[in-house]
Amino acid sequence: MEPTSLPIPSTEGMHLRRLRDLTEFEVADNSPDVRGWAVRGGDGNKFGDVHELIVEEASLKVRYLDVELDASLNVNHHERHILIPVGVAALDEEGDNVFVPSLTKESVLEYPPYQEIQITRQYEEAMLRSLQLPLPEAHIGSFYDQDSYNEQRFYQNRRPDANEAFRRRIS
28 MEPTSLPIPS TEGMHLRRLR DLTEFEVADN SPDVRGWAVR GGDGNKFGDV
78 HELIVEEASL KVRYLDVELD ASLNVNHHER HILIPVGVAA LDEEGDNVFV
128 PSLTKESVLE YPPYQEIQIT RQYEEAMLRS LQLPLPEAHI GSFYDQDSYN
178 EQRFYQNRRP DANEAFRRRI S
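Next up, the structure:
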């Protein structure tokens, strides 16, 4: 399926967008652009590459890493991408690697695939279950107000004092 530039609706009605589709924004100078970086599991083995950042449009916060799984995993073409909540991943302090300690090259095969259609609450909950994380309580704040979606946790090894991952493009 060819990606579109339309917003990706989520169940909360909050629109999620691929960073490449937010043409008026770019990665801020103090933040690494992790697209293309290797994604490694808790066992240190590479299982994919960051294909895209999925951003909550209203807050301009990264919520998911769109990871294209490594061809060596022999997954079907329509199951080649997965979404990883940004708060469960961490940047390598020096190299171009993203670490997801709760996944391995083997366990990622059981992870729910992402097909760029709609991110439903059921899909988000399936991801959290696969990562063995608690589901947020429905009556407490936004679904994304939990550590699993905290982009500061993701960037802390590379920009511990910075607040913004994106900035408006300079024309």
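Residue numbers (the numbering used here): 28 to 198. For glycine and all other residues, C-beta sits at the position ideal for the given N, C-alpha and C.
Asked	Found
Local Cβ density within 10 Å of ASP174, reported as buried at 16 or more and exposed below that	exposed
Euclidean distance between Cα positions of LEU155 and PRO161	7 Å
Contained alpha helix (DSSP H) runs [length at least 4] in the segment 106 to 176, N- to C-terminal order	148 to 157
Alpha-carbon to alpha-carbon, PHE181 and ALA25	The chain is shown only over 28 to 198; residue 25 falls outside these bounds and no answer can be derived.
Nearest-angstrom beta carbon gap, THR131 and GLY68 [assumed within contact, 8 Å]	4 Å
GLU137 versus ALA85 - alpha carbon distance	31 Å
Distance between beta carbons of TYR176 and ARG90, contact taken as under 8 Å	5 Å
8 Å contact criterion, which VAL94 and ILE111 should meet: CB distance rounded	6 Å
Within 8 Å, strictly: CB atoms of GLU178 and VAL113	yes
Three-way DSSP call (helix, strand, coil) for ARG62 in this model	coil
Rounded C-alpha distance that separates SER129 from ASP60	23 Å
Neighbour-count burial assignment, HIS78, 16 or more Cβ in a 10 Å radius	buried
Bridge-paired residues (DSSP) for ASP76	ALA65 and GLU95
Counterpart residues of GLU83 in DSSP-defined beta bridges	LEU43 and LYS88
Option nearest LEU158 by Cα separation, candidates PRO139, GLU164 and ARG44	PRO139
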